[in-house]
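Note sheet for the following structure.
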Amino acid sequence: MKKVNIIDVAELAGVSVSTVSLVLRQKGKISEATIDKVNAAIKTLGYVHNVAAANLRSSTSNLIGLIIRDFNNSFSVNVTASVVQQLEKQGYMVFLGQPRDDEQQLRNCLTSFHQQGVAGVIYLAADSHSAEVPQAISECPLPTVIISESTITSARDVIGRDNRQAGNQATRFLIERGHRNIAWLGGTRSCLIRSERLSGYRNALQQYGLPFREEWAPECADDTSASAFATRMMLEKSNQITAMLCHSPAAIIGAITGIQQVGRTVGKDVFLTQQVSLIGFEDMMYINLTSPSFTYVSASSEETGWQAASLIVSKIKQPELPAQRIIISGELVPRESA
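Okay, so the sequence shown: first residue is 822 according to my numbering, each after it adds one.
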């Protein structure tokens, strides 16, 4: 059986080969009627456009390399889904790499991207304890966009989260609902995300003339047992605490456990001495199954992915554009827990 080619499509549609090529590449000013004729011919003949071959001929690529280092991180997973969706809408395909925390694996991943002919790279930073990006990313010769959950130092294009705004917004929300004794739970001192959110929390307390208490903002390992223990210790020593900000998913689960262990409940009704209001910092599917439902400051992962996809396409088409730093604020979603 003869393989259908672009010449066959042009003959059936009654147009030139160059017109078919323009339609396939979505280039040039082609009338809707002509586009419809070409697409009808393609469907009739069962023609399959070889994008890789076309890219090779035109020295272009529709491949984007995406590096994600932590599939256990809900923010990274949600951003990845948004990036893929947005890039596919613009005719790009995503080539995925997961080098974890190994520098050599990262270099190997970038080398593989180069061999596959990717046009640009999106890097989801995973180290929240360092403001530096790996040298391999800094030196990458391809257009590169970095997505980070904390502030980083880089001359590349960066899309980040406004953690200070998130901490400030969550604290003000609680204060404006009558809470004056608000604690913080989770994260270690070296975690930049914690440091930034804690800065927003302290700033909001200061704005309302409330004191910051070190004993109400304990460090703890990012696991449910440590968070439950820290919650129980705080509430046993300071039963006047009526609300808590939870740094992570583990902190949320641990807080619920610790609150129950001291005989109190999670919620937002008028009995402030009995219930403890809780607020988290990202929308997590399994947290949405809790009762009461969880109040949180959105991570804006969909918006982050959209911005990253748009920015990498812009950098591919216009490499001379100056580097941008886009910081995205989250939106507080009030529910039953606060």
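The C-beta atom is built at its ideal place from N, Cα and C for all residues, glycine as well.
- For a cut-off of 8 Å, the C-beta gap from Ala831 to Val841 is around 5 Å, short enough to register as a contact.
- The shortest CA-to-CA distance from Ile1147 to any of Thr1125, Ile1137, Cys961 is the one to Thr1125.
- According to DSSP, residue pairing for Cys1067 in a beta bridge involves Leu1006.
- In chain order, Val1083 place their CB closer than 8 Å to the CB of Glu1057, counting only its own chain and leaving out the 5 sequence neighbours on each side.
- Glu953 sits in a strand when the DSSP states are folded into three classes.
- A Cβ-Cβ separation of about 5 Å places Ile943 in contact with Leu887 under the 8 Å criterion.
- The three-state reading of DSSP puts Asp978 in strand, counting E and B together.
- Fully enclosed beta strand (DSSP E) runs of no fewer than 3 residues occupy 884 to 889, 914 to 918 of the stretch 847 to 927, in order along the chain.
- If you keep only unbroken alpha helix (DSSP H) runs of at least 4 residues inside the stretch 979 to 1044, you get 984 to 996, 1013 to 1028.
- Per DSSP, Gln1095 has no beta bridge partner at all.
- Of Glu1157, Ala1120, Lys864, Ala1004, the smallest CA-CA separation from Val900 is found for Ala1120.
- Only buried fits Asn989, as 16 or more other CB atoms lie within 10 angstroms of its CB.
- Contact check for Ala1144 and Asp978: beta-carbon distance about 5 Å, within the 8 Å limit, so the pair qualifies.
- Around the beta carbon of Gln936, a 10 Å sphere encloses fewer than 16 other beta carbons of the protein chains shown; the residue is thus reported as exposed.
- For Ser1122, no beta strand (DSSP E) segment is defined; the enclosing uninterrupted segment is the alpha helix (DSSP H) at 1122 to 1138.
- In the three-state DSSP reduction, Ile967 falls in the strand class (E or B).
- DSSP, read as helix, strand or coil, puts Leu1142 in coil.
- Under DSSP, Gly1101 forms a beta bridge with Tyr1117.
- Shown here, Ile1062 sits in coil according to DSSP, grouped into three states, outside any helix or strand.
- Secondary structure at Val1083: coil, using DSSP grouped into helix, strand and coil.
- Counting the other CB atoms within 10 Å of its CB gives His1068 a total of 16 or more, which places it among the buried residues.
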